[in-house]
Amino acid sequence: MDLSSTEQSPKMTLLANYQVPRYLVDEALLHFDLDKAKTRVISTLKMRLNPASEAGDCVFDGDSLDLISVKLNGKSLADSEYKVDSKSLIIPNVPEQFELEIITEIHPDQNTALEGLYHSGRLLCTQCEAEGFRRITYYPDRPDVMTVFTVTIVADAKQWPVMLSNGNLEEQGQFNDGRHWVRWHDPHPKPSYLFALVAGDLYCQQDHFTTMSGREVTLRIYVDPENKHKCDHALVSLKQSMKWDEEVYGREYDLDVFMIVAVNDFNMGAMENKGLNIFNAACVLATPETATDDDFYTIQSIVAHEYFHNWSGNRVTCRDWFQLSLKEGFTVMRDQSFSADLNSAAVQRIDDVNGLRSMQFAEDAGPMAHPVRPNSYIEISNFYTVTIYEKGAEVVRMIKTLVGDKGFRKGTDLYFDRHDGQAVTTDDFVKAIEDANSIDLSQFKRWYEQAGTPELTVNTQYDPVQQRFSLTLRQSCPATPGQETKLDFHIPVAVGLLDSDGNNMPMQLAQEKTAYDGDTRVLSLTETEQTFEFIHVSEEPVASVLRGFSAPVKLKYDLTNTQLAFLMAHDTDSFNRWDAGQQLMINVLLQIVDDIQKQNTLALSPLLLSQLEAVLNDEQLDPALIAKMLTLPTENYLAAQMPVADVDAIHQAREFAKRQIAVSLKPLFNARYESLSKQKKYQFNAEDMAARSLKNLCLSYLAATADPLQMQRCLRQMKVTDNMTELLAGLRLMVDQAGSEREHALRAFYEQWKHDRQVVDKWLSVQAVSKLPDTLLRVKALMKHEAFNIKNPNNVRALIGQFCRNNPVHFHAKDGSGYRFLAEQILKLDKLNPQVAARMLGALNSWRRYDIERQELMKASLEEIAAQKDLSADVYEIVTKYLAAQ
Ligand code: B3K
Ligand code: ZN
191 MDLSSTEQSP
201 KMTLLANYQV
211 PRYLVDEALL
221 HFDLDKAKTR
231 VISTLKMRLN
241 PASEAGDCVF
251 DGDSLDLISV
261 KLNGKSLADS
271 EYKVDSKSLI
281 IPNVPEQFEL
291 EIITEIHPDQ
301 NTALEGLYHS
311 GRLLCTQCEA
321 EGFRRITYYP
331 DRPDVMTVFT
341 VTIVADAKQW
351 PVMLSNGNLE
361 EQGQFNDGRH
371 WVRWHDPHPK
381 PSYLFALVAG
391 DLYCQQDHFT
401 TMSGREVTLR
411 IYVDPENKHK
421 CDHALVSLKQ
431 SMKWDEEVYG
441 REYDLDVFMI
451 VAVNDFNMGA
461 MENKGLNIFN
471 AACVLATPET
481 ATDDDFYTIQ
491 SIVAHEYFHN
501 WSGNRVTCRD
511 WFQLSLKEGF
521 TVMRDQSFSA
531 DLNSAAVQRI
541 DDVNGLRSMQ
551 FAEDAGPMAH
561 PVRPNSYIEI
571 SNFYTVTIYE
581 KGAEVVRMIK
591 TLVGDKGFRK
601 GTDLYFDRHD
611 GQAVTTDDFV
621 KAIEDANSID
631 LSQFKRWYEQ
641 AGTPELTVNT
651 QYDPVQQRFS
661 LTLRQSCPAT
671 PGQETKLDFH
681 IPVAVGLLDS
691 DGNNMPMQLA
701 QEKTAYDGDT
711 RVLSLTETEQ
721 TFEFIHVSEE
731 PVASVLRGFS
741 APVKLKYDLT
751 NTQLAFLMAH
761 DTDSFNRWDA
771 GQQLMINVLL
781 QIVDDIQKQN
791 TLALSPLLLS
801 QLEAVLNDEQ
811 LDPALIAKML
821 TLPTENYLAA
831 QMPVADVDAI
841 HQAREFAKRQ
851 IAVSLKPLFN
861 ARYESLSKQK
871 KYQFNAEDMA
881 ARSLKNLCLS
891 YLAATADPLQ
901 MQRCLRQMKV
911 TDNMTELLAG
921 LRLMVDQAGS
931 EREHALRAFY
941 EQWKHDRQVV
951 DKWLSVQAVS
961 KLPDTLLRVK
971 ALMKHEAFNI
981 KNPNNVRALI
991 GQFCRNNPVH
1001 FHAKDGSGYR
1011 FLAEQILKLD
1021 KLNPQVAARM
1031 LGALNSWRRY
1041 DIERQELMKA
1051 SLEEIAAQKD
1061 LSADVYEIVT
1071 KYLAAQ
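Going by our numbering, the letters in the sequence shown line up with residues 191 to 1076, in that order.
Here is the structure:
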């Protein structure tokens, strides 16, 4: 019976409606007859009634499948014995225990959504999280159905010499007709979203790791043969990750082989399929000539992230997709501390907070705001968000702050031990930490339930006679869609007190008998307002509040610019030192914006200038930190600090400030640049990376002086360097200056690198973020260039994504051209790849924060998208939520 005519508009899934699966799958035998145009899948499932449920229809999810046949306990079912529609296969009257054989056919070469089994270059590969497995075969495609999978793949041996799936390789063989076969078995029960299959003509680089219990694990990276020289960094990163997870979390790898495959067409960064991680090629391949320091750094952290999922995600998985942050928040927190341990902890924290503030705070303040554990979704792919990932990581980090390092390890040991092989909830995670530490986190759990970024207001008072210092903390949280009022959060606030020489002061609270031992103490704010009284405070201190960014909140602390300058110079907490500098820059830049709006004469604060000079002169300070401290906040971040974002004034103000700093401190930038220019062979390590980041920062200030000689310097750097970090930094600066040198540099760069996709994407990106006035025209022209293919998500992100998200002054052009361009691309993309289309729409998240004229133009573009027939659920959900924004 075919019910496909009863199609409905996208429907909402609610956490409150969760029900345990009715039938469980004990074993899945999958047989693939692989072919690009038509792949046949025979799925044999050993199933039984869930003892926790009642008998009823047996329902399987399915999407874009050609159903060939269904057999129940060896007997073919007639059409009348099952129901099939575009989303499911329903079999009524099944026995308590049964074996089902379902045969389907799929078409990998027509799959432009890149979900399920698809064709990419010379590869066939899969992406199943969250709901891609249902595009391979009918299945209870939900994370709480965990199954032992055995996978047989048959294909032409010439075209598909390598055939991979999860687990260990059991057997393989040849047929006489030129086809060959392999059988993979994964002994660990897993949900379908962790299933993976790859086939192709791939080069394999192999290594080994000996686990802490002495087991040998084979490590393999599979790549297109032309990339065989690009695997070393990922392999080193993998071994570092395996060792770190043993040392820090006591987690050992659990199969004989761990495989990574690089794929050119991929919707996101990478995927943690059990034993067979699939990576976006850009997130795994690197050589010093083709990848920047940032790429090396990101690759190290993504390799770690996916590897860490083996425990936080795979061994212990999510009960339902509302629990996504259970694995993602925790795993991001784990990869962040891994990166902090292996590189510079201060730089890592600054980058994490910068990302959180610029992306997550904006999401939390906009129409898509949702809790770390959401209550509803239309399309789950839309919930792989910065809130689930980055805010989720902050929430786990706060738990660690509250129970301490040792207590946290006790808690995670209990969690992994208690729930190994289970599909659980964020409540189960918190419960394990509570039980291991005898602590009550019930109020803390509001961080999982309430959306929005809390505001933390700080007031201080000093009594010189009593030598008492009181710190009053007050919290509030703005309304978010569906959540008008909020209950008080449990906020860990790390605080230090500094005397006038910049030394930390004792921090004994009035109710305590003995002195507090330590420079920073974590105060627990659990009420709307609380005052903390410090005694024996010999002079009025400057309080350094929210050290290390101990909670994901907006700090409202009215320090004067002089106090900020003091903290910027003296705070012993490097994060707060950087943050004080940022706040000072924000104050100064917003003042310039105000002057621009009032048409006043512009001037740069001498205080800021002298602070920057001191930082640049500081020989003791880590060059990476100097580079961070000298980096002005982005235009997007500045826009988020204004009640009504004035893109043009912000751009003008930032350019003005940058130029003033550049001109005033030119001799210092020059000297630092030259002293960092000693030729040295590229190495990826914290010290060299720090030097390159400061060197490139100096070059960017020198270029901002508009002295034509500095362009020559960029060119020289591009000529003599041995690495992409310095080459791209030079190119980026040249691309902002009109003229023949620019065009020549771009052409030469392309000619040199057109064979390399990762580098070509950088070439697209630098042009997309150019400040030159004709940038949109150039972006449009580049879409017709041989280097661009709209079906490739990396190309789309590099060109369209960069233009719309990181070129605010052109994207928000007054004439609406940027918005119309985006709408046009979204409508095109939605037909090909809804997930990528929905992501691009994110550029309009904050549309209500601009002036009325721009709001009208953005609204018109949103309405144009909404009016389109047959929108995907992905775009439909975002566009309707945006349009509902007040
Ligand atoms: N778990 C995957 C993300 C899957 C996205 C699905 N649309 C990668 C990661 O977070 O490790
Ligand atoms: Zn993840």
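We put the CB at the ideal spot given by N, CA and C, even for glycine. Here the structure is a predicted model, which means the values were calculated and not measured.
Straight-line spacing of the CA atoms in Ser795 and Ser1062 works out to 50 Å. In the DSSP assignment, Glu803 falls within the unbroken alpha helix (DSSP H) covering 796-807. Each residue's CA atom was taken as its position, placing Glu321 and Val274 some 18 Å apart.
Listed as beta-bridge partners of Asp223 by DSSP are Arg230, Val344.
Secondary structure of Tyr605 (DSSP, three-state): helix. Counted as a single uninterrupted DSSP element, the stretch harbouring Pro282 is not any beta strand (DSSP E), since DSSP gives it neither H nor E.
Across the structure, Leu314 and Ala829 are spaced so that their CA atoms are roughly 43 Å apart.
Counting C-beta pairs with one atom in each stretch, the region 883-892 and the region 849-861 have three or more that are closer than 8 Å, which means they touch.
Under DSSP, Leu290 forms a beta bridge with Leu235, Leu262. In this structure, DSSP gives Met461 an extended state, which the three-state scheme calls strand.
If you check the C-beta of His495 against the ligand ZN, you find a heavy atom less than 7 Å away. Less than 8 Å separates the beta-carbon of Glu723 from that of Ser660. Per the coordinates, the alpha-carbon of Glu496 lies some 13 Å from the alpha-carbon of Ala452. When secondary structure is reduced to three states using DSSP, Glu295 falls in the strand class. According to the DSSP assignment, Tyr308 belongs to the beta strand (DSSP E) that extends over 306-310. Using a C-beta cut-off of 8 Å, the region 500-514 makes contact with the region 437-444, since at least three inter-stretch Cβ pairs fall below that distance. Boundaries of the alpha helix (DSSP H) around His1000: 998-1001.
Taking C-alpha positions only, Met353 is separated from Lys970 by approximately 39 Å. Contact between Ala1013 and Ser1051 holds, since their C-beta atoms are separated by about 4 Å, short of 8 Å.
For a cut-off of 8 Å, the C-beta gap from Ala622 to Ile681 is around 22 Å, too long to register as a contact.
Under the three-state reduction of DSSP, Trp374 is assigned to strand. In this structure, the beta-carbon distance from Gln550 to Val576 falls below 8 Å. Per DSSP, the continuous beta strand (DSSP E) segment holding Met353 begins and ends at 352-355.
Put simply, the backbone Cα of Asp785 is about 27 Å away from that of Gly1008.
Of the other Cβ atoms in all chains shown, 16 or more fall within 10 Å of the Cβ of Tyr1040; this residue is therefore buried.
It is roughly 15 Å from the alpha-carbon of Lys744 to the alpha-carbon of Asp678.
Note on Pro644: 16 or more other CB atoms within 10 angstroms of its CB, so buried under the neighbour-count rule.
Collapsing the DSSP output to three states places Ala206 in a helix. In the structure shown, Thr718 adopts coil according to DSSP, grouped into three states.
The beta carbons of Ser515 and Gln490 sit no closer together than 8 Å. In chain order, Ser566, Ile568 place their CB closer than 6 Å to the CB of Met202, counting only its own chain and leaving out the 5 sequence neighbours on each side. Using a cutoff of 7 Å, the CB of Glu518 counts as near the ligand ZN, since one of the ligand's heavy atoms is closer than that. Secondary structure of Arg563 (DSSP, three-state): coil.
Per the Cβ contact rule, the region 637-657 is not in contact with the region 687-706 (fewer than 3 Cβ pairs under 8 Å).
A heavy atom of the ligand ZN is found nearer than 7 Å to the CB of Thr521. If you draw a straight line from the Cα of Asn366 to the Cα of Ala347, it is about 11 Å long.
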